[in-house]
Amino acid sequence: MVGAAILAALLLVWLISMAGMAVSQYLSTRDRLALLDREAKVATAESRVAEYRDDLQSVTQDLNRRQDALEKMTEVLPDDIKTGDTVSDSTGEAAKTVDKVSAALPEAAGLARIEARQLALVERLTRFADRRSATAAQRIRALGLDPNAMVARLNDRSAQGGPLIELFGPGKRGLDPRFERLGLSLARMDALERGLAGIPQHTPASLEYISSGFGYRADPFTGGAAFHAGLDFKGPIGAPIFAAATGRVSFVGAQQGYGNVVEVDHGNGLMTRYAHLSAFRARVGQPVQAGQIIGLIGNTGRSTGPHLHFEVRVNDRAVNPRPFLEAAAHVQQ
């Protein structure tokens, strides 16, 4: 019995020792596996960061190439566009931003430099658009027309609509104010230049002989005082008649006193009338360009001989066409 007790005690000690070794081995294996798992996670994260950095560099390089292309395409802009003419100059502030971003997030420094170049280009384009707008407005004003009223009519919101489709979507960041400013400048430039294109800038017939001017004159039939609402261009029957400006044909047919008539609507309340035609070369609704043939000189209506009667009307009020025709070369430039 004593021997059995000693054997049992020894067996118990052995079992306890084996259990301790097993627990120790399990804990050691568990710790080793956990360490390996952490190392794997660290390795994966580092590789992903490296990939992202590589992608960021690739994106930066791609954006740099695009910016280079944009700047090359705009090399035709005049060199004398002064900074600060009509918009702010962000060059100094952009340089400070590049320095701060480079210090805080070195991998984003390339993107910050691209943004600085982009803003400089946007401001330069804005100044160029403003200069073109000012030039167009000056030419329109020289012809006795109001450029601001012209822009207002071209941007009339009284007949506009459609679903709201926000540029950046709801809750997204808004457009940089400098980009908005460029958009407004381009829209004004487009409106003024479209308006300028609709101002008579091409002589409607040969200028060799104007047989009657605008204003009061002796009526060719009665000899009494009368008002002549246009210019008469003497020419042979069948000589071409040209549209004086870009527009859309609004009338083709006969009118009392005028004979055969073509009228072209140029927008902004401006219309040109071509009368006494022998033949039509246009139809209602047809878009025409300045200098396009729209009819032939004739002797129809109240006329003493073949000629073109040419009128310029603003809001259905006859104005003297001569200032427009005399400015034609300047307007074309």
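In numbering that gives the first Met the number 0, the protein residues as written are 0 to 332.
Glycine residues also receive a C-beta, built at the ideal position from the N, C-alpha and C atoms.
Residue i and residue j closer than 8 Å at C-beta
i, j, result
"residue 263", "residue 271", "yes"
"residue 211", "residue 201", "no"
"residue 90", "residue 108", "no"
"residue 240", "residue 286", "no"
"residue 191", "residue 146", "yes"
"residue 302", "residue 265", "no"
"residue 223", "residue 149", "no"
"residue 236", "residue 305", "yes"
DSSP three-state assignment for residue i, whether helix, strand or coil
i, result
"residue 271", "strand"
"residue 199", "coil"
"residue 47", "No answer about residue 47 holds up, because its pLDDT of 49 lies below 50 and its placement is not dependable."
"residue 115", "helix"
"residue 0", "coil"
"residue 194", "helix"
"residue 213", "coil"
"residue 286", "strand"
"residue 295", "strand"
"residue 266", "coil"
"residue 145", "coil"
"residue 314", "coil"
"residue 236", "coil"
"residue 7", "helix"
"residue 243", "coil"
"residue 220", "coil"
"residue 319", "coil"
"residue 332", "Bear in mind that a pLDDT of 43 at residue 332, under 50, signals an unreliable position, so the model cannot answer this."
"residue 228", "coil"
"residue 104", "coil"
"residue 252", "strand"
"residue 258", "strand"
"residue 184", "helix"
"residue 136", "helix"
"residue 204", "coil"
"residue 302", "coil"
Close beta carbons around residue i, own chain, < 7 Å, minus the five adjacent residues each side
i, result
"residue 315", "none"
"residue 251", "261, 279, 281, 282, 283"
"residue 121", "177, 178, 181"
"residue 325", "none"
"residue 140", "146"
Reference residue i; option with closest CA among the options
i, options, result
"residue 196", "276, 260, 290", "290"
"residue 67", "113, 92, 91", "113"
"residue 246", "192, 313, 198", "198"
"residue 341", "4, 180, 205", "The requested residue 341 does not occur in the structure, where the chain is confined to residues 0 to 332."
"residue 312", "303, 243, 205, 99", "243"
"residue 60", "106, 71, 147, 99", "106"
"residue 233", "127, 249, 248, 205", "205"
"residue 231", "194, 310, 151, 222", "310"
"residue 70", "104, 103, 123", "123"
"residue 269", "238, 277, 225, 320", "320"
"residue 175", "151, 117, 140", "117"
"residue 267", "238, 288, 151", "151"
"residue 55", "111, 1, 6", "111"
Own chain residues within Cβ distance below 8 Å of residue i, not counting five before or after
i, result
"residue 322", "142, 143"
"residue 225", "215, 216, 217, 218"
"residue 47", "In this prediction, residue 47 has a pLDDT of 49, which is less than 50 and means its spatial position is unreliable; what the coordinates show is noted afterwards. Around residue 47: no qualifying Cβ."
Beta-carbon proximity list for residue i, same chain, < 6 Å, skipping 5 on both sides
i, result
"residue 308", "229, 231, 274, 275"
"residue 249", "262, 264"
"residue 376", "Given that the chain is displayed from residue 0 to residue 332, the structure contains no residue 376 and the question cannot be resolved."
"residue 128", "184, 185, 188"
"residue 318", "311"
"residue 101", "108"
"residue 238", "296"
"residue 132", "187, 188, 191"
beta-carbon residue i near the ligand ZN non-hydrogen atom, thresh 7 Å
i, result
"residue 135", "Only the bare structure without any ligand can be found here, which leaves the ligand ZN out of the picture."
Interface flag, residue i vs chain B, CB-CB below 8 Å
i, result
"residue 96", "The structure shown has no chain B; it contains just one protein chain."
Stretch-stretch touch, CB-based, cutoff 8 Å, three pairs: the stretch 252 to 259 with the stretch 214 to 221
By the Cβ rule, the stretch 252 to 259 does not count as touching the stretch 214 to 221, because fewer than three pairs are nearer than 8 Å.
Whether or not the stretch 177 to 190 and the stretch 293 to 303 are in contact is what I'm after, with contact meaning three or more pairs of Cβ atoms, one per stretch, closer than 8 Å; do they touch?
These segments do not touch.
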